[in-house]
Amino acid sequence: HHSLLCSLPIMREIASILALLSILQAAAALNLFVRQHAVKKARLFSTCLRMGSDGNIDEGVWTHADIKWRLRPPPEMPRLEKIKIKAASKAIHAELVIKGEPIPPILCPKGGRAELEGFKNGKKIAKFGLTTNRGPSAPPIDETVLELYGVDQQFGSPGIGAIIYMFVEPEFRGFGIGSLALEAIAAIQTVQGCDFTVLVADDDGSGKLIKWYEDAEYKIAPKLQDVLGSSGSEFGVTMIRPTSVRADIFARCQIKWW
Numbered sequence: 536h537h538s539l540l541c542s543l544p545i546m547r548e549i550a551s552i553l554a555l556l557s558i559l560q561a562a563a564a565l566n567l568f569v570r571q572h573a574v575k576k577a578r579l580f581s582t583c584l585r586m587g588s589d590g591n592i593d594e595g596v597w598t599h600a601d602i603k604w605r606l607r608p609p610p611e612m613p614r615l616e617k618i619k620i621k622a623a624s625k626a627i628h629a630e631l632v633i634k635g636e637p638i639p640p641i642l643c644p645k646g647g648r649a650e651l652e653g654f655k656n657g658k659k660i661a662k663f664g665l666t667t668n669r670g671p672s673a674p675p676i677d678e679t680v681l682e683l684y685g686v687d688q689q690f691g692s693p694g695i696g697a698i699i700y701m702f703v704e705p706e707f708r709g710f711g712i713g714s715l716a717l718e719a720i721a722a723i724q725t726v727q728g729c730d731f732t733v734l735v736a737d738d739d740g741s742g743k744l745i746k747w748y749e750d751a752e753y754k755i756a757p758k759l760q761d762v763l764g765s766s767g768s769e770f771g772v773t774m775i776r777p778t779s780v781r782a783d784i785f786a787r788c789q790i791k792w793w
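Our numbering puts the first residue of the sequence shown at 536, with every later residue one more than the last.
So this is what it looks like as structure tokens:
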């Protein structure tokens with residue numbers, strides 16, 4: 536009985552030590568979780584950091600290497616038709632690989648429209664609607680091209696492509712994805728023989744979106760308001776730009792079409 540009483544303080548001390556060890560282990564586990572989460576988050580956004588020409592880090596600048604582009608049929612196309620097109624494109628790609636023939640940088644789905652999807656780490660973060668056929672011109676377009684760019688139609692009217700919509704998930708805005716998409720779309724429409732790209736910029740009257748397109752070399756084209764279904768700027772301001780890209784575009788920008 537006496538030895539038991541004597542051992543009680545020791546037992547209490549051992550219990551305290553064990554409790555302290557348990558707390559330390561829990562703290563270590565929590566610290567490990569926090570560090571792993573931080574590393575995972577850092578890896579996810581590491582490509583947002585790029586070294587600028589002045590040697591400093593530029594935050595928020597992505598390149599085409601940071602995004603996986605996929606060219607898909609438009610969302611309104613029936614599901615069965617989409618499956619057929621996907622199967623056909625994969626078959627074409629496989630045949631070219633087997634024969635050792637060069638794979639074209641772009642092969643557009645039939646129908647004259649497509650959706651360009653942007654993916655990051657397997658997640659779709661952006662989508663852009665566009666036309667993929669060389670569309671016919673119209674007198675207001677010919678007049679606009681002559682007025683803004685000094686190009687007359689002595690060799691025929693220009694071929695026209697259009698951007699229908701642009702959307703980037705909110706948490707991925709500010710990384711320059713829209714600018715990269717404009718370049719990728721221009722590459723697609725250049726391959727398709729388009730000379731100019733038109734769009735309607737609707738920024739609810741703030742002017743910010745129009746300024747953004749102007750920085751991307753688009754010009755306001757008032758004569759196209761009726762042509763593009765936005766009479767009186769009801770649905771936005773019509774804009775136009777020559778469809779041109781740098782010669783190395785497909786070395787920097789890979790667009791998966793199969």
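For each residue, glycine too, the CB sits at the ideal point set by N, CA and C.
Cα-Cα separation between residue i and residue j, rounded to whole angstroms
i	j	result
Phe731	Val686	11 Å
Gly740	Met774	15 Å
Val772	Gly694	21 Å
Ala623	Ala629	10 Å
Leu683	Met701	25 Å
Ile633	Ala626	10 Å
Gln760	Gly767	7 Å
Asn757	Glu636	Before going further, note that residue 757 is Pro rather than Asn in the sequence given. Roughly 46 Å between the two C-alpha positions.
Phe785	Cys643	15 Å
Thr679	Ile712	29 Å
Glu640	Arg781	The residue asked about is misnamed: residue 640 is Pro in this sequence, not Glu. Roughly 14 Å separates the two Cα atoms.
Glu611	Phe770	21 Å
Lys746	Leu631	43 Å
Ser765	Gly670	18 Å
Ile618	Pro705	30 Å
Residues of its chain near residue i, where Cβ-Cβ distance is below 6 Å and the 5 sequence neighbours each way are ignored
i	result
Lys659	Glu652
Leu843	No answer is possible for residue 843: the residues shown for the chain start at 536 and end at 793.
Val534	A question about residue 534 goes unanswered here, because the residues of the chain that appear run from 536 up to 793.
Gln688	Asp677
Collapsed DSSP secondary structure at residue i in the structure displayed
i	result
Ala721	helix
Tyr684	helix
Pro705	helix
Trp604	strand
Ile775	strand
Lys878	Any question about residue 878 goes unanswered here, given that the chain covers just 536 to 793.
Leu651	strand
Gly696	strand
Val632	helix
Gly691	coil
Residues of its chain near residue i, where Cβ-Cβ distance is below 8 Å and the 5 sequence neighbours each way are ignored
i	result
Gln724	Leu665, Thr666, Thr667, Gly696, Thr732 and Thr778
Phe707	Lys655, Ile660 and Ala661
Lys645	Ile620
Pro675	Lys758, Leu759, Asp761 and Val762
Leu744	Ala736, Asp737 and Asp738
Cβ neighbour criterion (16 or more within 10 Å) applied to residue i
i	result
Phe710	buried
Leu681	exposed
Phe802	Nothing can be reported for residue 802, as the shown portion of the chain is limited to 536 through 793.
His572	Confidence is the limiting factor: at His572 the pLDDT is only 42, short of 50, which leaves the residue's position unreliable, though a coordinate-based value still follows. Exposed, by the Cβ-count rule.
Arg776	buried
Gly728	exposed
Pro608	buried
Any non-hydrogen atom of the ligand NAD within 8 Å of residue i CB
i	result
Gly771	You won't find the ligand NAD in this model; it holds no ligand whatsoever.
Own chain partners of residue i with C-beta closer than 7 Å, once the 5 adjacent residues on each side are dropped
i	result
Leu715	Trp597, His599 and Ile602
Tyr748	Ala736 and Met774
Ser672	Ser692, Pro693 and Ile695
Chain D within 9 Å of residue i, Cβ atoms only
i	result
Thr732	Note that chain D does not occur in the displayed structure, where there is just one protein chain.
If contact is defined by three or more beta carbon pairs under 8 Å, each pair taking one atom from either stretch, is the region 633 to 652 in contact with the region 598 to 609? Touching, yes.
Give a yes or no on contact between the region 776 to 790 and the region 713 to 729, applying the rule of three or more CB pairs nearer than 8 Å. Yes, since at least three Cβ pairs between the region 776 to 790 and the region 713 to 729 fall closer than 8 Å, the two stretches touch.
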